[in-house]
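In this note's numbering, the protein residues as written are 382 to 551. Every residue gets a Cβ at the ideal spot worked out from N, C-alpha and C, and that includes glycine. Since the structure is predicted, the reported quantities are computational estimates derived from the model, not experimental observations. Have a look at the structure below, then the notes.
And the structure:
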């Protein structure tokens with residue numbers, strides 16, 4: 382066999398003898414796209430943090446709150462404004478670098494999942510499972526549509542990758 386993958390009907394036979402149904406590969410690629418999108422979003426946030434270095438972060442935060450028509454005295458805008466008030470250049474650098482490292486991890490995982498690598502499937506199960514207790518805790522504090530959607534999406538991703546690994550063990 383000269384290529385790494387050969388399609389046989391509804392199955393894909395990989396180098397090394399692994400057999401995977403195409404629907405499993407399609408689902409795993411969907412998860413890879415979600416992970417890549419998360420990485421892309423975090424890159425944008427990281428670039429935004431880099432852009433705030435040597436600027437008046439408090440003034441920028443107040444302008445954002447005004448632009449979005451939020452009440453600066455309400456809970457979440459107040460948290461945002463307080464965080465901006467305590468932001469220093471070194472803290473912004475640290476957060477921006479951390480965002481870029483996190484994004485790189487998401488991109489590597491997405492690439493591994495796209496290539497149907499076993500290590501990426503296990504990594505996705507582990508990393509997704511780490512968020513579940515926090516997401517459940519956040520729902521016990523207060524329920525919102527965003528929190529429920531995040532929990533459901535994460536459960537679906539972890540469940541899918543676990544299913545793929547279980548199918549591969551048969």
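Q | Cβ-based burial, residue 539 [other Cβ within 10 Å; buried from 16] | A | buried
Q | Identity of the residue in 409, 402, 403 nearest residue 503 by Cα | A | 409
(Q) For the alpha helix (DSSP H) containing residue 517, name the first residue and the last one. (A) 499 to 522
Q | Nearest residue (CA-CA) to residue 431, options 551, 494, 477 | A | 477
Q) Do you know whose CA, among 526, 405, 532, 501, lies nearest residue 515's CA? A) 532
Q) Is residue 388 buried or exposed, if buried means 16 or more other CB atoms sit within 10 Å of its CB? A) Only weak support exists for where residue 388 lies, its pLDDT of 49 falling under 50; the coordinates are left without a value.
Q: Closer than 6 Å by C-beta to residue 481: which residues in its own chain qualify, once you throw out the five before and the five after it? Chain order, please.
A: 427
Q. Residue range of the alpha helix (DSSP H) that residue 471 falls in?
A. 470 to 495
Q) Between the Cα of residue 412 and the Cα atoms of 508, 456, 429, which residue gives the shortest distance? A) 508
Q) In whole angstroms, what separates the C-alpha of residue 461 from that of residue 510? A) 28 Å
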